[in-house]
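Have a look at the structure below, then the notes.
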Amino acid sequence: FNSYTNLFNILRSVRKSGADIVLFNIHFLSFGDKKVPAALGLLLPFILKLMGVKTVVLLHNIIESVDLDAAGITKSKLLTRIFKFTGTVLTRFILSADLVAVTLSQYVDILREKYKADNVALIPHGTFDIPLKPEVRTKASEKTIMTFGKFGTYKKVEHLIDSVIGLRKRVDQKIKLVIAGTDNPNVKGYLESVQNKYHDVKDIIFTGYVEEEDVPDTFLDSDVVVFPYTSTTGSSGVLHQAGSFGRACVIPNIGDLKELIEEEGYTGEYFDPFDQTSLENAIYNLITDDKRRFLNAEQNYNAACGLPLDDIADWYLLHFSALTAKDQRKPGRQFNNKRKIEIEKRLTASLV
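Right, dumping it as structure tokens:
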């Protein structure tokens with residue numbers, strides 16, 4: 022991260038491996054939050070194409086959808102214009118890849134209309150391993166509210182904590198708040214400052230970094246998962262995790278995230294991200310109404326089951342097969358005809 026040698030190290034590794042295709046799973050800050058290392062890394066698809074290597078890019082966000090102020094990158098209007106211009110230039114380099122996959126149809130429209138790109142495909146985010154349908158917690162005397170992520174930029178927890186304080190005055194149940202995750206790298210010390218500010222508020226747990234093996238219990242021990250976002254930078258992996266563990270969600274009513282929910286079948290109790298009372302009421306609606314919470318959780322679980330990562334991986338493999346159709350040096354993955362037809366139908370839909 023932030024290494025000036027990433028460009029050369031990756032090029033060396035690709036040349037040494039003799040790879041037929043290189044898949045980049047990236048967003049605009051994947052290679053660093055410093056300008057030069059970040060930009061150099063994003064040039065890789067273009068440089069590899071010059072070297073004759075086929076490339077596919079999974080691009081998680083586009084510059085047109087990022088609120089640079091909310092994301093903690095810059096508040097300056099001049100710098101915002103400079104970053105937007107630079108981002109547009111880098112996007113053109115990224116689009117030199119053989120295929121660019123995005124997870125939202127809105128991104129497909131922007132890339133095709135603004136950049137006249139004809140190598141863009143809509144391939145949904147997909148969901149991690151789906152466990153057996155979990156039970157929705159029904160313990161009447163206690164509710165656990167959980168939020169998960171990297172906090173401090175467009176994900177802040179002050180309104181959430183204030184909402185929990187307000188809810189404790191409105192309901193008889195014990196309410197525990199779990200803040201699972203770490204600081205955003207751009208705002209180091211944020212969570213520590215929040216802990217200091219609310220040191221006298223009981224039953225708030227700051228977990229710090231959550232190890233992979235602890236992620237399931239973190240979700241399953243919660244009743245409601247809250248997304249305290251003021252903006253988004255693309256598809257939400259946390260939403261897919263919440264769905265796979267069958268949890269009800271409280272979601273801000275903002276552009277990309279709301280669109281993702283509608284496109285992929287998820288649901289949430291919506292709130293105004295700039296209104297603390299709206300957030301409090303949304304949580305209240307779920308913790309005081311078991312049926313409402315159960316239906317929310319069930320719909321999210323069903324949505325998660327609809328697009329497992331196994332299917333998403335097969336979509337990519339079909340794209341790879343299409344790109345390497347003329348290259349007979351190595352056999353591709355073999356699909357039975359029924360499976361291939363099924364995946365091709367979905368693949369065709371992703372290109373519409």
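Just so we're aligned, residue 22 is where the sequence shown starts under this note's numbering, counting upward by one.
Note that CB positions come from ideal geometry on N, CA and C, so glycine has one too.
Local conformation of N82 per DSSP, three classes: Position 61 of the sequence shown, counted from the start, is the residue given in the question as residue 82. Note: N82 maps to coil in three-state DSSP.
Reduced DSSP category for F45 - H, G, I as helix; E, B as strand; rest coil: Your numbering for residue 45 matches position 24 in the sequence shown. Look at F45 here: in three-state DSSP terms it is strand.
For T101, the three-state DSSP class (helix, strand or coil): As a working mapping, residue 101 is identified with position 80 in the sequence shown. If DSSP states are grouped into helix, strand and coil, T101 belongs with the helices.
Start and end residues, alpha helix (DSSP H) containing A343: Within the sequence shown, the letter at position 322 stands for residue 343. It spans L330 to L344 - the alpha helix (DSSP H) in which A343 sits, taken as one unbroken run.
Extent of the continuous beta strand (DSSP E) run through V141: The residue labelled residue 141 in the question sits at position 120 within the sequence shown. Taken as a continuous stretch (DSSP letters only), the beta strand (DSSP E) holding V141 covers V141 to L143.
As assigned by DSSP and simplified to three states, the class of V129: One-based indexing of the sequence shown puts residue 129 at position 108. Reduced to three states, the DSSP call for V129 is helix.
Three-state class that DSSP yields for P352 in the structure shown: Working through the sequence shown from its first residue, we reach residue 352 at position 331. In this predicted model, P352 has a pLDDT of only 48, less than 50, meaning its place in the structure is not dependable enough to derive any value.
Alpha-carbon to alpha-carbon, R113 and F67: Position 46 of the sequence shown, counted from the first residue, corresponds to residue 67. Position 92 of the sequence shown, counted from the first residue, corresponds to residue 113. F67 and R113 have their C-alpha atoms roughly 9 Å apart.
Residue nearest to D139 in terms of C-alpha spacing, selected from I115, D193, H48 and L281: By one-based count along the sequence shown, residue 139 stands at place 118. Minimum Cα distance to D139 is reached at I115.
8 Å Cβ cutoff met for P329 and L241: The sequence position of residue 329 within the sequence shown is 308, counting from 1. The sequence position of residue 241 within the sequence shown is 220, counting from 1. Inclusion of P329 and L241 in the CB contact set at 8 Å is not warranted, their separation being larger than that value.
P294 to I42 span [Cα, whole Å]: Here residue 294 refers to the residue found at position 273 when the sequence shown is read from its first residue. Here residue 42 refers to the residue found at position 21 when the sequence shown is read from its first residue. Distance between the alpha carbons of P294 and I42 is about 41 Å.
Distance between L64 and Y211 (C-alpha atoms, nearest Å): Counted from its first residue, the sequence shown places residue 211 at position 190. Counted from its first residue, the sequence shown places residue 64 at position 43. Taking the straight line from one Cα to the other gives about 32 Å.
Whether T288 touches N306 by CB criterion (8 Å): Within the sequence shown, the letter at position 267 stands for residue 288. Within the sequence shown, the letter at position 285 stands for residue 306. Their beta carbons are not under 8 Å apart, which means T288 does not touch N306 by this criterion.
Helix, strand or coil at Y250 according to DSSP, with G and I counted as helix: Counted from its first residue, the sequence shown places residue 250 at position 229. In this structure, Y250 counts as strand in the three-state DSSP scheme.
Proximal residues to T26 (C-beta, below 7 Å), its chain only, five neighbours per side dropped: Within the sequence shown, numbered from 1, the residue matching residue 26 stands at position 5. Nothing listed; no residue qualifies.
Backbone secondary structure at D204 - three-state DSSP: Start at 1 with the first residue of the sequence shown, and residue 204 comes out as number 183. Looking at D204 - three-state DSSP - the assignment turns out to be strand.
Touching by the beta-carbon criterion (3+ pairs, under 8 Å), the stretch 335-347 and the stretch 268-276: Per the Cβ contact rule, the stretch 335-347 is not in contact with the stretch 268-276 (fewer than 3 Cβ pairs under 8 Å).
Contacts around V208, its chain only, beta-carbon distance under 8 Å, and the 5 residues preceding and following it disregarded: The residue you call residue 208 lines up with position 187 of the sequence shown. Once the five neighbours on either side are set aside, the close Cβ partners of V208 are G93, F172, G173 and T174.
G73 in three-state terms, based on DSSP: Stepping through the sequence shown from its first residue, residue 73 is reached at position 52. Coil, per DSSP.
Nearest residue (CA-CA) to V129, options I103, T107 and I83: Here the question's residue 129 lines up with position 108 in the sequence shown. Per the Cα distances, I83.
When S162, T124, T109 and L125 are compared against K137, the one with the closest alpha-carbon: Taking the first residue of the sequence shown as position 1, residue 137 is located at position 116. Out of S162, T124, T109 and L125, T109 has the C-alpha closest to the C-alpha of K137.
Pairwise C-alpha distance: L99 and T76: The residue given as residue 76 occupies position 55 in the sequence shown. The residue given as residue 99 occupies position 78 in the sequence shown. Their Cα atoms are separated by approximately 34 Å.
Cutoff 7 Å; reference H180; Cβ partners in own chain excluding five residues on either side: Against the sequence shown, residue 180 aligns to sequence position 159. For H180, where only same-chain residues beyond five positions count, the Cβ hits under 7 Å are P249, Q297 and L300.
Rounded Cβ spacing between V245 and I166 (contact assumed at less than 8 Å): Taking the first residue of the sequence shown as position 1, residue 245 is located at position 224. Taking the first residue of the sequence shown as position 1, residue 166 is located at position 145. Contact between V245 and I166 holds: their C-beta atoms lie close to 5 Å from each other, under 8 Å.
Delimiting residues of the alpha helix (DSSP H) encompassing F240: As a working mapping, residue 240 is identified with position 219 in the sequence shown. Element bounds for F240: V236 to L241.
Residues of its chain near L80, where Cβ-Cβ distance is below 6 Å and the 5 sequence neighbours each way are ignored: Working through the sequence shown from its first residue, we reach residue 80 at position 59. The residues are V121 and V123.
Between the CA atoms of D88 and E233 - distance to the nearest angstrom: For the purposes of this step, residue 233 is identified with residue 212 of the sequence shown, where counting begins at 1. For the purposes of this step, residue 88 is identified with residue 67 of the sequence shown, where counting begins at 1. The C-alpha of E233 lies about 29 Å from the C-alpha of D88.
Whole-number beta carbon distance between T148 and H48, since they are thought to touch under 8 Å: Within the sequence shown, the letter at position 27 stands for residue 48. Within the sequence shown, the letter at position 127 stands for residue 148. About 19 Å separates the two Cβ atoms, so there is no contact after all.
Element boundaries [beta strand (DSSP E), containing I186]: For the purposes of this step, residue 186 is identified with residue 165 of the sequence shown, where counting begins at 1. I186 -> not in any beta strand (DSSP E); alpha helix (DSSP H) instead, spanning E179 to R189.
Identity of the residues DSSP links to E290 by a beta bridge: As a working mapping, residue 290 is identified with position 269 in the sequence shown. V271.
Residue from V199, A263, T251 and C270 whose Cα sits closest to the Cα of E308: Taking the first residue of the sequence shown as position 1, residue 308 is located at position 287. Correcting the residue identity first, residue 308 is Ile in this sequence and not Glu. Ranking V199, A263, T251 and C270 by Cα distance to I308 puts C270 first.
Inter-residue Cα distance where the pair is N302 and R314: Working through the sequence shown from its first residue, we reach residue 302 at position 281. Working through the sequence shown from its first residue, we reach residue 314 at position 293. In a straight line, the C-alpha of N302 is about 14 Å away from that of R314.
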